[in-house]
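For the sequence shown, this note's numbering begins at 44 and goes up steadily by one.
Notes follow once the structure below has been shown.
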Amino acid sequence: MDNLKNDLNDVISRVRKFTSSVLEGQPIRLYAAASTYLTSGGKKLRPFMVIKSCEMFAGKEEKALPAAAAVELIHNFSLIHDDIMDNDDMRHGISTVHKEYGLPIALIAGDILFSKAFQVLSVHNKKMGHDDVVIAEMNRILATACVHVCEGQGLDIQMASSNKIPTIEEYLDMIQKKTASLFEVSCALGVLSSPEPLVDNVDNLSKFGRFTGIAFQLIDDLIGVTGDPKLTGKAVGNDIREGKKTYPILLALSNADTNKRKKIMRAFGSKGANRDYVEDAVYAISSLKIEEEVRRSAHDNMMKAFESIKSYDETNAKNALVSSAKFIVERSL
């Protein structure tokens, strides 16, 4: 994992330098707001997957930098808008953009990140010498991914506001759109940035990204319920208090007997629930071995991701993608 961390840090440094160069302009306050999350924390796995997917097919990192930056800009656009919708105060240990700069600037900061992503794909890929047809395809698939992310967010809001508990299938459909779409397009953009943008290569790496993205969200959901507050910076059982209908909570509710279900629901969606109630709910979920089931499901998705690229030669780039998927499934933060 040390090799992965070093590789990831190297890529993050270059992507950050590139994104900083395209987020300069007037008014300064707007661009400062837009740049907030780009320079603070976050795993930056999506741009890493763009670069490594490109390198898998004999591509050079610099050729994939515009696509990697575009994905990171879109991701940060979605974070700003997510924080507004959830009215969150903090992200990565700092004030959220709308709390620091106010709602009007935060909205425009998100909009400019979205706009810059497509500007980068069009203008900077042209400078890199990419073919016009390939650039058009990059814009098309990123736009499609953005539509899916918005649809997924809409489904998430719909689920949150409904008294109905969604089915596991409904939830998985939502996270495939909201989360996995951006992982999927990251890998596809990487292939299109390479000298071998063949349809089969794009399809196979897209599958790798999709299944890895699903695994990522499942583990994120688990951390929201059972994560160590010292690592997450959030209170134990935070997602239970918030009433978030996430994968481990849905599994627990579908498997719990009457007594355990009662303990879970007593704290679920109750932001003022006392600590004992929340700990009872967490214990009830743990006693159902939900963590093992969530990690097993994440592992199954990881294995599907590996299956999609098993026919390719073992290279440093392929091994880096495999290591990133393993990190996603094994992490505790």
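We put the CB at the ideal spot given by N, CA and C, even for glycine.
Note that the structure is predicted; figures quoted are calculated from it, not measured.
Task: Supposed contact pair LEU185 and ALA160 - C-beta distance, whole angstroms, cut 8 Å - done: Within the sequence shown, the letter at position 117 stands for residue 160. Within the sequence shown, the letter at position 142 stands for residue 185. Correct: roughly 7 Å between the Cβ atoms.
Task: Straight-line gap, ARG72 to ASP53 (C-alpha atoms, nearest Å) - done: Taking the sequence shown and counting its residues from 1, the one referred to as residue 72 is at position 29. Taking the sequence shown and counting its residues from 1, the one referred to as residue 53 is at position 10. For ARG72 and ASP53, the distance between alpha carbons rounds to 28 Å.
Task: Contact check, LEU294 vs VAL325, beta carbons under 8 Å - done: For the purposes of this step, residue 294 is taken as residue 251 along the sequence shown, with counting starting at 1. For the purposes of this step, residue 325 is taken as residue 282 along the sequence shown, with counting starting at 1. No; because the gap between Cβ atoms is not below 8 Å, this pair is not in contact.
Open item on the list: Less than 8 Å between the beta carbons of VAL140 and THR79, yes or no?
Closed with: Translated into the one-based positions of the sequence shown, residue 140 becomes position 97. Translated into the one-based positions of the sequence shown, residue 79 becomes position 36. Yes, the Cβ-Cβ distance between VAL140 and THR79 is below 8 Å.
TODO: Kindly indicate which residue of ALA75, THR62, ILE94 has the alpha-carbon position closest to the one of LEU51.
DONE: As a working mapping, residue 51 is identified with position 8 in the sequence shown. The shortest C-alpha separation from LEU51 is found at ILE94.
Open item on the list: Could you check whether SER224 and LYS106 sit closer than 8 Å to each other, using their CB atoms as the reference points?
Closed with: Residue mapping note: residue 106 aligns to position 63 of the sequence shown, counting from 1. Residue mapping note: residue 224 aligns to position 181 of the sequence shown, counting from 1. Taking 8 Å as the Cβ cut-off, LYS106 and SER224 do not qualify as a contacting pair.
Open item on the list: Whole angstroms are fine: how far does the CA of ASN302 sit from the CA of SER351?
Closed with: Walking along the sequence shown from the start, residue 351 turns up at place 308. Walking along the sequence shown from the start, residue 302 turns up at place 259. Using only the alpha carbons, I get a separation of about 43 Å.
Open item on the list: Within a Cβ cutoff of 7 Å, which residues of the same chain sit near GLU334, ignoring the five residues on either side of it in sequence?
Closed with: In the sequence shown, the residue the question calls residue 334 occupies position 291. Same-chain partners within the cutoff: LEU265, THR269.
- [ ] Given a cut-off of 8 Å, decide if LYS86 and VAL58 are closer than it, judged by their beta-carbon atoms.
- [x] To locate residue 58, count along the sequence shown from 1; it is residue 15. To locate residue 86, count along the sequence shown from 1; it is residue 43. No, the pair does not count as a contact, with Cβ atoms beyond the cut-off.
Task: Per-residue DSSP class, three states only, for SER313 - done: The sequence position of residue 313 within the sequence shown is 270, counting from 1. Looking at SER313 - three-state DSSP - the assignment turns out to be coil, as it is neither helix nor strand.
TODO: Work out the CA separation of LEU108 and ASN219 for me, nearest whole Å.
DONE: Counted from its first residue, the sequence shown places residue 219 at position 176. Counted from its first residue, the sequence shown places residue 108 at position 65. According to the sequence displayed, residue 219 carries Gln and not Asn. Distance between the alpha carbons of GLN219 and LEU108 is about 25 Å.
- [ ] Report yes or no: do three or more beta-carbon pairs, one from the segment 197 to 216 and one from the segment 225 to 234, lie closer than 8 Å?
- [x] no
Open item on the list: To test your reading of the DSSP string, which unbroken alpha helix (DSSP H) runs of 4 or more residues are found completely within the segment 222 to 284?
Closed with: 224 to 235, 242 to 269, 272 to 275
TODO: Assign GLN260 to buried or exposed, taking buried as 16 or more other Cβ atoms, counted over all protein chains shown, within 10 Å of its Cβ.
DONE: The count along the sequence shown starts at 1 and reaches residue 260 at position 217. Classification of GLN260: buried, given that the 10 Å Cβ count is 16 or more.
TODO: For my contact list, LEU248 and SER354 are in at a C-beta cut-off of 8 Å; report their separation, rounded to the angstrom.
DONE: Within the sequence shown, residue 248 is the residue found at index 205, counting from 1. Within the sequence shown, residue 354 is the residue found at index 311, counting from 1. Wrong, their Cβ atoms sit about 12 Å apart, outside the cutoff.
- [ ] Would you tell me roughly how many angstroms separate the C-alpha atoms of PHE311 and SER297, rounded to the nearest one?
- [x] On the sequence shown, position 268 is the one that residue 311 refers to. On the sequence shown, position 254 is the one that residue 297 refers to. Roughly 14 Å separates the two Cα atoms.
Open item on the list: Could you check whether VAL321 and GLY10 sit closer than 8 Å to each other, using their CB atoms as the reference points?
Closed with: The chain is shown only over 44 to 376; residue 10 falls outside these bounds and no answer can be derived.
TODO: Return the Cβ separation of GLY233 and MET345 in integer angstroms, given the expectation that the two are a contact with Cβ distance under 8 Å.
DONE: Here residue 233 is taken as the residue at index 190 of the sequence shown, counted from 1. Here residue 345 is taken as the residue at index 302 of the sequence shown, counted from 1. No, GLY233 and MET345 are not in contact; Cβ-Cβ is about 19 Å, not under 8 Å.
Task: Proximal residues to LEU364 (C-beta, below 6 Å), its chain only, five neighbours per side dropped - done: Here the question's residue 364 lines up with position 321 in the sequence shown. Around LEU364: LYS95.
- [ ] Could you tell me which uninterrupted alpha helix (DSSP H) segments, each at least 4 residues in length, are contained entirely in the segment 169 to 232, listed from first to last along the chain?
- [x] 175 to 204, 211 to 218
Open item on the list: Which residues does DSSP list as the beta-bridge partners of SER138?
Closed with: What you label residue 138 is simply residue 95 of the sequence shown in a count that begins at 1. Answer by DSSP bridge pairing, in chain order: MET133.
- [ ] Just mark LEU274 as buried or exposed, buried being the case when its beta carbon has 16 or more other beta carbons within 10 Å.
- [x] Here residue 274 refers to the residue found at position 231 of the sequence shown. So LEU274 counts as exposed.
Open item on the list: I'd like to check one pair, ILE137 with SER63: are the Cβ atoms closer than 8 Å?
Closed with: Residue mapping note: residue 63 aligns to position 20 of the sequence shown, counting from 1. Residue mapping note: residue 137 aligns to position 94 of the sequence shown, counting from 1. Not a contact, by the Cβ cut-off of 8 Å.
TODO: Can you say whether LEU387 is buried or exposed, counting buried as having 16 or more other CB atoms within 10 angstroms of its CB?
DONE: For the chain, the structure presents residues 44 to 376; residue 387 sits outside this window and is missing.
TODO: Could you tell me the distance, in whole angstroms, from the CA atom of ILE307 to the CA atom of TYR144?
DONE: Looking up residue 307 in the sequence shown gives position 264. Looking up residue 144 in the sequence shown gives position 101. Each residue's Cα considered, the two are about 37 Å apart.
Task: Range covered by the alpha helix (DSSP H) that runs through GLN162 - done: The residue you call residue 162 lines up with position 119 of the sequence shown. Run containing GLN162: 146 to 162, per the alpha helix (DSSP H) assignment.
Open item on the list: Between PHE120 and LEU156, how many whole angstroms is the CB-CB distance? I'm expecting something under 8 Å.
Closed with: As a working mapping, residue 120 is identified with position 77 in the sequence shown. As a working mapping, residue 156 is identified with position 113 in the sequence shown. Indeed, because the Cβ distance is near 4 Å, the residues count as touching under 8 Å.
Task: Pick from ALA299, SER158, VAL372 that is closest to HIS2, judged by C-alpha positions - done: One cannot answer for residue 2 here, as it falls past the ends of the chain, which runs 44 to 376.
TODO: Leaving out five residues on either side along the sequence, give the residues of the same chain with a beta carbon under 7 Å from the beta carbon of ARG89.
DONE: Residue numbering aside, residue 89 sits at position 46 when the sequence shown is read from its first letter. For ARG89, where only same-chain residues beyond five positions count, the Cβ hits under 7 Å are VAL114, GLU115, HIS118, LEU225, PHE226, SER229.
Task: Assigned secondary structure, MET115 (DSSP; H/G/I helix, E/B strand, else coil) - done: Counting from one through the sequence shown, the residue named residue 115 turns up at place 72. Strictly speaking, residue 115 in this sequence is Glu, with Met absent from that position. In this structure, GLU115 counts as helix in the three-state DSSP scheme.
Open item on the list: Taking 7 Å as the cut-off, is the C-beta of ASP300 nearer than that to any heavy atom in the ligand MN?
Closed with: With respect to small molecules bound, the structure shown includes none, and the ligand MN cannot be examined in it.
Open item on the list: Comparing C-alpha positions only, which one of MET99, LEU81, GLY256 sits nearest to LEU241?
Closed with: Sequence index remark: in the sequence shown, residue 241 carries index 198 (1-based). Taking only the C-alpha atoms, the option nearest LEU241 is MET99.
- [ ] Give the DSSP-derived three-state secondary structure of PHE100 in the structure shown.
- [x] Working through the sequence shown from its first residue, we reach residue 100 at position 57. If DSSP states are grouped into helix, strand and coil, PHE100 belongs with coil.
Task: Bounding residues of the alpha helix (DSSP H) (the contiguous stretch that carries ARG57) - done: Here residue 57 refers to the residue found at position 14 of the sequence shown. Note, ARG57: alpha helix (DSSP H), 45 to 65.
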